[in-house]
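In the order they appear, the protein sequences are chains Y and V. Taking our numbering, the leading residue of the first sequence gets 182, the next gets one more, and so forth. Taking our numbering, the leading residue of the second sequence gets 182, the next gets one more, and so forth. For glycine and all other residues, C-beta sits at the position ideal for the given N, C-alpha and C. First up is the structure itself, then whatever we jot down about it.
2 protein chains.
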Amino acid sequence: MKESDEFSILQKYFKNLGSQFLDSSGILIGPGDDAGLFKTSNEDLIFSTDVSHSDIHFPKKLDPELIAYRACSVAASDIAACGGALKWLSISLVTPSKELSWLAKFAKGIKLFTKDYRVPVLGGDLSRGKECSVSVGVCGEVKKKYFLSRSGAKLGDSIYVSGFLGFSRIGLEIVKSKKNNLSAKEKRYKKKYLKPKVNLSLGQELRKIANSCIDISDGLIGDLGHICEQSKVGAEIDIELIPYEGTYKNALTWGDDYELCFTVPKSKEKKIKIIEDKLKMKLYKIGEIIKINNIRIKKGDSHLKMSQKSYNHFK
Amino acid sequence: MKESDEFSILQKYFKNLGSQFLDSSGILIGPGDDAGLFKTSNEDLIFSTDVSHSDIHFPKKLDPELIAYRACSVAASDIAACGGALKWLSISLVTPSKELSWLAKFAKGIKLFTKDYRVPVLGGDLSRGKECSVSVGVCGEVKKKYFLSRSGAKLGDSIYVSGFLGFSRIGLEIVKSKKNNLSAKEKRYKKKYLKPKVNLSLGQELRKIANSCIDISDGLIGDLGHICEQSKVGAEIDIELIPYEGTYKNALTWGDDYELCFTVPKSKEKKIKIIEDKLKMKLYKIGEIIKINNIRIKKGDSHLKMSQKSYNHFK
């Protein structure tokens with residue numbers, strides 16, 4: 182099969198993904214050379230990379246279009262968490278599939294993402310392997326003074342999340358079950374798992390008011406834990422204020438929702454309403470940064486005890 | 182095993198790799214947050230990503246320190262081929278190993294590379310998987326007018342390579358054989374496979390005189406073929422001018438040497454000697470860009486015929 186030559190594959194399926202956004206993203210030379218070349222502006226740049234691996238981050242048999250789209254969303258979510266604007270993507274794919282139709286579907290998923298988020302692909306690489314693994318590099322722009330870090334939370338900050346937790350966990354079960362005839366609610370759960378919304382607009386609003394921010398990839402407790410550790414503070418959150426579906430344990434320790442968790446000083450909280458109106462979304466205040474050395478989960482007058490903090494595939 | 186928590190691993194082994202070069206590379210926020218943040222200068226930026234996969238790009242049982250070092254070299258070679266200066270690395274690792282000692286050795290290999298090439302690690306990601314796969318992102322700096330592309334070769338250009346071909350192929354055989362008591366020559370072959378020199382200084386000299394450039398990752402014929410295709414020219418190379426060891430077939434179609442192949446207009450060829458003296462290395466003129474639609478390999482008065490053009494793991 183002559184077409185299965187790696188270079189031809191790259192040329193055929195991966196060369197022009199999001200190429201209509203090359204100019205607006207300052208790309209001078211896109212895929213096809215040894216490296217991609219891009220202009221810089223007055224902004225500083227951010228870069229992050231995220232691996233999505235079969236049977237760990239997605240079910241092995243998932244439609245390649247969805248594998249690709251989801252891998253891009255998950256990676257781009259880090260740019261949102263830092264308050265950045267997305268500039269370009271880079272895709273490293275390891276795949277066991279020799280089927281050109283598999284690669285075409287995978288490329289279609291990338292293309293859909295580039296259209297939805299108006300961002301080009303700068304380059305990538307492709308290798309054969311026994312398991313599918315997608316490493317997506319994402320570059321974004323943000324001025325240093327607006328960079329939303331994990332380490333800026335201050336005592337007294339209010340803690341917020343950008344949406345319901347637990348949807349993705351239920352969505353993943355639906356995907357695995359291969360159930361058909363889904364209810365409207367089930368479709369929403371499934372979509373949340375497969376195409377989690379990347380909160381780029383929200384991140385760019387928050388960078389003016391939030392002291393810290395993280396995207397919830399591994400579970401609220403674990404990810405808020407990173408903010409607390411790196412900010413050297415503690416947190417109290419109220420289970421009755423947290424928007425979630427499914428069990429509270431899954432909602433608190435399972436990631437995949439890619440909502441943002443952020444902290445805002447009380448003096449800037451009045452801006453929350455303005456952002457909610459502008460972006461037509463609801464933000465949920467779930468607790469406060471306090472002076473303890475862990476995370477306390479309030480439930481009525483008592484506290485919940487949780488053994489598992491977050492998803493960990495190295496356990 | 183508490184230490185095997187992914188975040189702890191990242192903190193312990195991967196956080197400070199090359200951190201002494203963060204400032205000189207303009208890194209404002211390094212590993213540990215959702216994304217790394219870096220300053221830009223007047224230069225344009227280049228980015229490339231390269232996957233090294235076990236049993237395809239390196240033997241499965243290779244020392245993790247060498248897997249890591251080699252993966253960085255291979256990726257950084259693309260920056261050299263574009264005439265860039267290396268700015269930072271990003272490492273995505275998929276590994277089957279749960280051994281902390283494996284991860285420690287892998288991190289040591291990265292660290293060695295950062296020291297040898299005076300470059301920091303901006304960030305990375307880590308995932309469990311059945312096979313080891315390393316995707317290295319590399320960022321470099323070069324002004325657009327100096328970017329060495331594959332598409333700039335002109336009729337009449339002389340074709341050069343930066344060193345001997347075939348060493349890595351012999352070196353790989355030595356690595357696989359696990360032979361001890363190596364001769365000085367065998368050690369050289371082995372080193373060339375395990376730690377191919379990244380021709381960054383050469384690339385930065387060539388960008389002032391070369392019309393096109395590529396690093397030989399998949400074999401001279403295949404990679405020079407990319408230059409010819411993208412420049413819409415042909416090439417004649419003379420087997421008796423090509424520096425190689427082992428069989429000519431391996432030397433022409435096997436990659437892994439990461440020498441640069443570049444074309445220089447006759448008007449600028451006198452600069453070659455100056456570069457050779459400055460960098461204390463020899464550059465080899467092997468042929469000329471001509472008006473045919475393929476690559477002709479001269480051997481005395483006849484031409485060689487070759488069926489396999491380059492290494493292709495998708496065949």
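- His234/V is a Cβ neighbour of Ser308/Y, given a cutoff of 9 Å.
- The DSSP-derived three-state label of Gly310/V is coil.
- About 4 Å separates the CB atoms of Leu218/Y and Ile210/Y; that is less than 8 Å, so the two are in contact.
- Using a 10 angstroms sphere on the CB of Ile402/V, the tally of other CB atoms reaches 16 or more, which defines it as buried.
- Exposure of Arg299/Y is indicated by the presence of fewer than 16 other C-beta atoms within 10 angstroms of its C-beta.
- Contact check for Ile418/V and Ile340/V: beta-carbon distance about 6 Å, within the 8 Å limit, so the pair qualifies.
- Note that the segment 323-336 of chain V does not touch the segment 235-255 of chain V; fewer than 3 beta-carbon pairs, one per stretch, sit closer than 8 Å.
- Within a 10 Å sphere around the beta-carbon of Glu322/Y sit 16 or more other beta-carbons, which makes this residue buried.
- For Ile227/Y, the C-beta contacts it makes with chain V under 7 Å involve Ala216, Gly217 and Leu218, in order along the chain.
- In the DSSP assignment, Trp283/Y forms no beta bridge with any residue.
- In terms of beta-carbon proximity, Asp437/Y stays away from the interface with chain V, with every pair separated by 9 Å or more.
- The three-state reading of DSSP puts Phe202/Y in helix, counting H, G and I together.
- By the CB criterion at 9 Å, Leu243/Y and Ala257/Y fall outside the cutoff.
- Taking a C-beta distance under 9 Å as the contact criterion, Gly400/Y and Asn474/Y do not qualify as a contact pair.
- Counting along the chain, the unbroken alpha helix (DSSP H) around Lys373/V starts and ends at Ala365 to Leu375.
- For Leu383/Y, the secondary structure class from DSSP, reduced to helix, strand or coil, is helix.
- Of the candidates Asn380/V, Ile467/V and Ile351/V, the residue whose Cα lies closest to the Cα of Lys366/V is Ile351/V.
- Between Phe345/Y and Tyr374/Y, the C-beta spacing is not below 9 Å.
- Contact note: Arg388/V does not reach chain Y at a C-beta cutoff of 9 Å; the least C-beta distance is about 12 Å.
- The C-beta separation of Ser273/V from Gly305/V comes to about 6 Å, placing the pair in contact by the 8 Å criterion.
- Under the three-state reduction of DSSP, Ser258/V is assigned to helix.
- In the three-state DSSP reduction, His484/V falls in the strand class (E or B).
- Rounded to the nearest whole angstrom, the CA to CA distance from Arg388/V to Cys253/V is 22 Å.
- For a Cβ distance threshold of 8 Å, residue set Gly213, Asp214 and Asp215 of chain Y lies close to Arg331/V, ordered along the chain.
- Residue pairing by DSSP places Val275/Y opposite Ser308/Y and Ser314/Y in a beta bridge.
- Counted as a single uninterrupted DSSP element, the beta strand (DSSP E) harbouring Leu218/Y occupies residues Gly217 to Phe219.
- By the 16-neighbour rule on beta-carbons within 10 angstroms, Leu405/Y is buried.
- Contact residues of the segment 301-327 of chain V toward chain Y are Leu303, Gly304, Gly305, Asp306, Leu307, Ser308, Arg309, Gly310, Lys311, Glu312, Ser314, Ser316, Gly318, Val319, Cys320, Gly321, Val323 and Lys325 (C-beta to C-beta distance below 8 Å).
- A distance of 9 Å or more separates the beta carbons of Val302/Y and Ile467/Y.
- Counting only residues of its own chain and dropping the five nearest sequence neighbours on each side, Glu440/Y has a CB closer than 8 Å to the CB of Val342, Ser343, Gly344, Phe345, Leu346, Asn380, Asp396 and Ile397.
- Between Leu329/V and Tyr194/V, the C-beta spacing is not below 9 Å.
- For Lys372/Y and Lys325/V, the gap between their C-alpha atoms comes out near 42 Å.
- Here Ser229/Y has Ala256, Asp259, Ile260 and Val319 as same chain residues with Cβ atoms under 7 Å from its own Cβ, once five neighbours each way along the sequence are excluded.
- By the C-beta density criterion, Gln385/V is buried, having at least 16 other C-beta atoms within 10 angstroms.
- Taking 9 Å as the CB threshold, Ala285/V stays off the interface with chain Y.
- About 6 Å separates the CB atoms of Val232/Y and Ser314/Y; that is less than 8 Å, so the two are in contact.
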